[in-house]
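Contents: one structure, followed by commentary.
Residue numbers (the working numbering): -15 to 474.
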């Protein structure tokens, strides 16, 4: 199976595409730019969703659902927002089909034109804030902490499975607050939630920071982000949290009466992550043999492959493993006992390796008689023979070790691929190598755009808690007080 996957060294992009398809995560759809998420890929998303949903609820948020279709006039109410999304919007103009009089299927009924076009949501700020106007009257209604699990459409010309598709799944939080400080604290709190999820569940180290003005979300006063490094050294934005100020409240006239009875506009945030995280998971950890999944997000954490010649052998091995299956399930460890007799053990080993199953157990009759079991771990490909007695506790600790090892390996790679550049020549040399560049920037959009034009590198973030230091902009030589992180990115 691994022979069907292009090597990362030869063609990283094709390696990624091969891996997504061959491992059964997703397929290209007949709808241009859209994907079909297959059961194995969706199982990963469900585990991500469950973990994040609990974290959201633990921080006081509740779920709701808002319409997929947004009146076009709503997008016109916040100027920078509509400008940011105008080129990506899919528009519904008619509401009925009729039979083609020429007998060629169906056509759009020209008499069924909508009075106002509807936009398939690229994001939901406008429809949500139009609704919040009816929900918020007093300071007693605040804070309003709502999250939505949904799909969105952004008309992409160049697509790649999970990383950039016309339709994708995501969550989007939208909160309303009585003060600017409270809204900023919410923005930072949710960034911390995303960073914790990325590092604890995805085993993926991230940099936390603010976006430059050029890279901010359309309509935001500040955008906070987490940035991860993929194995080819490029950056991937893994989550964003936006301080929206009062822009949307003013656009949709959302006011509240404060404790003194005076009317004020509310303060807003929005924040989201998407199925792009699955792409990040793949590119942060996987290898030329297939996926490498951190145990906390693996749909199957343990695969058991019995090696047998007949029904009697299988029955003995199955009975041997029956208590272990119950033990692992009681520990919330997902396990599959694979007794499919149409596939050879070697094929199964390769398949579970391709799918990134963290731990594989194998037992034949010799092992059965000796009271042992072969244990293979996916992250290091190490195999060992263990005593079957007590194997449940061994597996539990092994999964924890694999989770930790995958994170530490990714962190070591990230940390050893961050370079400082203090001159333009150093920057040009560094950008041709995989990784991030820490460099001074004069704070102007013009310089940022020129660097992007010349090198295709963008400012990924201005790190939070940045160390203040006097320096000179790597491009213009103008004074600078802090370093920012540049990289080429997905």
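For each residue, glycine too, the CB sits at the ideal point set by N, CA and C.
Bear in mind the structure is a predicted one, so any value in this text is a computation, not a measurement.
query: Residue 448 to residue 207 span [Cα, whole Å]; result: 12 Å
query: Beta carbon of residue 154 nearer than 7 Å to that of residue 256; result: yes
query: Whole-angstrom C-beta distance between residue 115 and residue 54, which should lie under 8 Å; result: Actually they are not in contact, since the Cβ atoms of residue 54 and residue 115 sit about 11 Å apart, beyond 8 Å.
query: Beta-carbon proximity check, residue 420 vs residue 469, cutoff 7 Å; result: yes
query: Beta carbon of residue 137 nearer than 7 Å to that of residue 74; result: yes
query: Given residue 313 as reference, the closest of 365, 371, 379, 266 once Cα atoms are compared; result: 379
query: Top-ranked residue by Cα proximity to residue 41, from 4, 130, 400, 275; result: 130
query: Residue 219 beta carbon less than 7 Å from that of residue 393; result: no
query: Length of the line joining the Cα atoms of residue 19 and residue 265; result: 18 Å
query: Residue 95 - DSSP class collapsed to helix/strand/coil; result: coil
query: Own chain residues within Cβ distance below 6 Å of residue 439, not counting five before or after; result: 415
query: Endpoints, the alpha helix (DSSP H) within which residue 176 is located; result: 164 to 184
query: Cβ-Cβ distance between residue -11 and residue 187 below 7 Å; result: no
query: Pair within 7 Å by beta-carbon distance, residue 347 and residue 301; result: yes
query: Residue -4 and residue 271 closer than 7 Å at C-beta; result: no
query: Residue 362 versus residue 235 - alpha carbon distance; result: 52 Å
query: Contact check, residue 336 vs residue 344, beta carbons under 7 Å; result: yes
query: C-alpha gap between residue 407 and residue 387, whole angstroms; result: 39 Å
query: Span of the beta strand (DSSP E) around residue 269; result: Taken as a continuous stretch (DSSP letters only), residue 269 belongs to no beta strand (DSSP E), being part of the alpha helix (DSSP H) at 260 to 269.
query: Every unbroken beta strand (DSSP E) inside the segment 394 to 421 [3 residues or more]; result: 402 to 404
query: Closest Cα partner of residue 202 within the set 104, 226, 119; result: 226
query: With 16 other Cβ atoms within 10 Å as the buried cut-off, status of residue 325; result: exposed
query: Continuous beta strand (DSSP E) stretch holding residue 304: start and end; result: Taken as a continuous stretch (DSSP letters only), residue 304 belongs to no beta strand (DSSP E), being part of the alpha helix (DSSP H) at 295 to 314.
query: Rounded C-alpha distance that separates residue 29 from residue 364; result: 25 Å
query: Assigned secondary structure, residue 14 (DSSP; H/G/I helix, E/B strand, else coil); result: coil
query: Buried or exposed (CB count within 10 angstroms, at least 16 for buried), residue 152; result: buried
query: Residues that DSSP places opposite residue 386 in a beta bridge; result: DSSP, once it has assigned bridges, lists no residue as partnering residue 386.
query: DSSP state of residue 57 mapped onto helix, strand, coil; result: helix
query: Residue 368 in three-state terms, based on DSSP; result: strand
query: Where the beta strand (DSSP E) through residue 219 begins and ends; result: 219 to 229
query: Bounding residues of the alpha helix (DSSP H) (the contiguous stretch that carries residue 447); result: First-last for residue 447: 442 to 447, but that is the beta strand (DSSP E), not the alpha helix (DSSP H).
query: Residue 311 versus residue 376: straight-line alpha-carbon distance, rounded; result: 7 Å
query: Where residue 102 falls: helix, strand or coil (DSSP); result: strand
query: Neighbour flag for residue 43 against chain B, beta carbons, 7 Å; result: The chain labelled as chain B is not found in the depicted structure, where only one protein chain is given.
query: Residue 287 vs residue 341 beta-carbon contact at 7 Å; result: yes
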